[in-house]
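Under this note's numbering, the first residue of the sequence shown carries the number 588, and numbering increases by one thereafter. Every residue, glycine too, gets a C-beta built ideally from N, C-alpha and C. Notes follow once the structure below has been shown.
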Amino acid sequence: MEPSQHDERRFILGKSACLLSKKTAVSQYDVTIAARQQ
Numbered sequence: 588m589e590p591s592q593h594d595e596r597r598f599i600l601g602k603s604a605c606l607l608s609k610k611t612a613v614s615q616y617d618v619t620i621a622a623r624q625q
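Structure below.
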């Protein structure tokens with residue numbers, strides 16, 4: 588397996604993990620806002 592290919596895969600995995608954590612943070616934020624408004 589070529590190192591460049593491996594790096595590319597790791598980069599894509601890291602990117603998707605970052606997006607996932609951002610989505611989680613945003614949904615937690617939304618829940619907090621909704622809880623405050625009640």
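A straight line joining the alpha-carbon of GLN624 with that of LEU606 spans about 27 Å. When rounded, the separation of the alpha-carbon atoms in LEU600 and SER614 is 21 Å.
Between the alpha carbons of SER591 and ARG597 lies a gap of roughly 10 Å. A direct Cα-Cα distance of roughly 24 Å separates ILE620 from ALA604.
The three-state reading of DSSP puts GLN625 in coil, since its state is none of H, G, I, E or B.
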